[in-house]
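First the structure, in the form of structure tokens, and then the observations on it.
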Amino acid sequence: MPKDFKQAALDYHSHPIPGKISVELTKPAETQLDLALAYSPGVAEPCREIAGDRENAYRYTGKGNLVAVISNGTAVLGLGNLGSLASKPVMEGKALLFKRFAGINSVDIEVNTEDSAEFVNTVALIADTFGGINLEDIKAPECFEIEAALAKKCSIPVFHDDQHGTAIVTAAGLLNALEVQGKRLEDAIITCLGAGATAIACMRLLVSLGARRENIYMLDRRGVIYAGREGVNAYKQEFANQTNKRSLSDAINGSDVFIGLSGADLLSAEMLLSMADRPVVFACSNPDPEIKPEVALATRDDVIIATGRSDYPNQVNNVLGFPFIFRGALDVRATCINEEMKIAAVHALCALAREEVPTEVLAACDLDALSFGPDYIIPKPMDNRLLGLIAPAVARAAVDSGVARLPYPDDYCPGS
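Heads up, the sequence shown is in this note's numbering, so the first residue is 2 and it goes up one at a time.
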């Protein structure tokens with residue numbers, strides 16, 4: 002990291018050209034004939050074809066490889082409600098990642114409203130422009146309502162990455178960590194510190210993969226969410242546990258897994274010591290985790306720890322998921338990203354972490370060696386094999402679950 006990281010980040014975004022994305026031409030525009038074909042009068046021909054059959058938009062325009070990254074800026078990274086315009090650097094960053102990792106064209110759209118109905122209506126009216134919509138940095142519980150409403154109104158995939166992207170990567174890492182620790186998800190006692198959109202999506206996906214709701218203790222700022230507690234919204238209510246546990250110290254005692262999606266330094270060494278043998282800790286608060294890996298490893302030598310940071314092993318990074326999930330969905334023209342597709346992505350990520358790591362990945366990470374185990378339960382973002390494994394798995398799941406409008410190609414190559 003540069004010594005003055007703040008200035009380096011500002012320089013990166015401002016020089017030599019402000020921003021991180023631009024538009025490129027895919028057709029020649031050098032001659033009078035080129036212009037006649039690109040615009041008037043030639044453009045009239047594909048217009049007529051699309052008017053006759055809407056599916057022709059995928060044949061004659063860039064719709065099929067175009068994703069909108071959309072936010073209202075009410076939950077920007079860990080910074081809170083900064084407003085729609087202040088979210089633009091993040092949305093441009095997501096567009097950069099779509100292009101870099103999956104060859105997907107992406108544009109950012111910042112919608113200046115905190116009214117859910119107004120946001121939904123705005124996005125629904127422009128949705129036909131795109132092949133998919135990535136929702137980002139929208140606060141809970143509105144994000145649940147917005148995603149559900151748009152999924153009903155739109156015939157293209159709508160995916161809130163803060164929820165599902167984090168859930169997919171977390172689930173993959175957790176399955177692998179539990180295997181290393183000699184445990185099973187079905188038996189694991191899980192303490193989840195945090196009850197926002199990401200936490201709820203993570204727990205929902207873990208339940209889909211086999212975790213038992215009665216083994217999950219979810220906590221918000223007021224403590225354990227237990228059956229009968231007043232002031233609990235419908236989304237948190239899904240994980241209200243029949244328990245006498247009330248505090249984090251109560252919940253963490255004897256747990257196999259801690260998943261933190263909350264704030265810095267909230268898991269103490271004493272709490273970690275009270276966990277079961279061979280625990281798994283996902284301390285994902287950024288930039289400062291719920292417990293620092295140095296503290297966790299000094300406290301227990303049998304713990305596996307993951308964070309959201311790139312300067313520690315086992316980084317939970319959404320870029321391991323969303324570019325490749327959308328790639329697979331777009332390639333078979335899926336109408337949504339359903340649970341089957343998410344689970345397929347989880348298992349593909351799990352499998353990749355168990356394979357031998359190529360030398361080019363080691364070089365990109367400045368490592369001499371890397372193999373499946375306590376310090377490597379999640380693939381590295383710079384692993385070029387991600388596209389070739391996750392996108393086909395997602396595309397196949399879309400076809401098999403009946404949400405694809407195209408068949409799975411026999412010679413499938415992502416993005417071709």
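In this text, a Cβ means the ideal position worked out from N, Cα and C, and glycines have one as well. This structure is a prediction, so every number in the text was calculated from the model and none was measured.
In the DSSP assignment, ASN122 falls within the alpha helix (DSSP H) that extends over 117-127.
For the pair GLY224 and SER263, the CB atoms are not nearer than the 8 Å cut-off.
Assignment of beta-bridge partners to LEU194 by DSSP yields LEU220 and GLY261.
Contact between the stretch 379-399 and the stretch 321-329 is present: 3 or more CB-CB pairs across the two stretches fall below 8 Å.
Straight-line spacing of the CA atoms in GLY133 and LEU67 works out to 7 Å. Linking ALA96 to SER286 through their CA atoms gives a straight-line distance of about 23 Å.
Of all alpha-carbon atoms in GLY81, THR360 and HIS165, the one lying nearest the alpha-carbon of ARG205 is that of HIS165. Between the stretch 302-312 and the stretch 153-161 there are fewer than three C-beta pairs closer than 8 Å, too few to call the two in contact. Judged by beta-carbon spacing, PHE259 lies beyond the 8 Å limit of LEU267, meaning their Cβ atoms are not closer than that value. DSSP, reduced to helix, strand and coil, places ALA69 within a strand of the structure shown. Judged by DSSP secondary structure, THR171 falls within the alpha helix (DSSP H) whose first and last residues are 162-181. In terms of Cα proximity to ASN315, the closest of ARG334, ALA345 and ALA354 is ALA354.
At a Cβ-Cβ threshold of 8 Å, VAL395 and PRO408 do not count as neighbours.
Under the three-state reduction of DSSP output, GLN243 falls in the coil class, being neither helix nor strand. With contacts defined by Cβ atoms closer than 8 Å, THR192 and TYR218 form a contacting pair.
Annotation for VAL362: LYS381, MET383 and ASP384 place their beta carbon closer than 7 Å to its own, counting only its chain and skipping 5 residues before and after. Bounds of the beta strand (DSSP E) holding SER107 are 106-111. Excluding residues up to 5 positions away in sequence, GLY416 lie with their Cβ nearer than 7 Å to the Cβ of GLY104 in the same chain.
As computed with DSSP, ASN135 is found in a beta bridge with VAL70 and PHE160. For the stretch 303-343, the full-length alpha helix (DSSP H) segments reaching 4 residues or more read 323-332 along the chain. Counting C-beta atoms within 10 angstroms of its own C-beta, HIS16 has fewer than 16 neighbours from the protein chains shown and is therefore classed as exposed.
Annotated three-state conformation of VAL44 is coil, per DSSP. For ALA284, the enclosing beta strand (DSSP E) covers residues 281-284. Residue pairing from DSSP places VAL225 in a beta bridge opposite LEU220.
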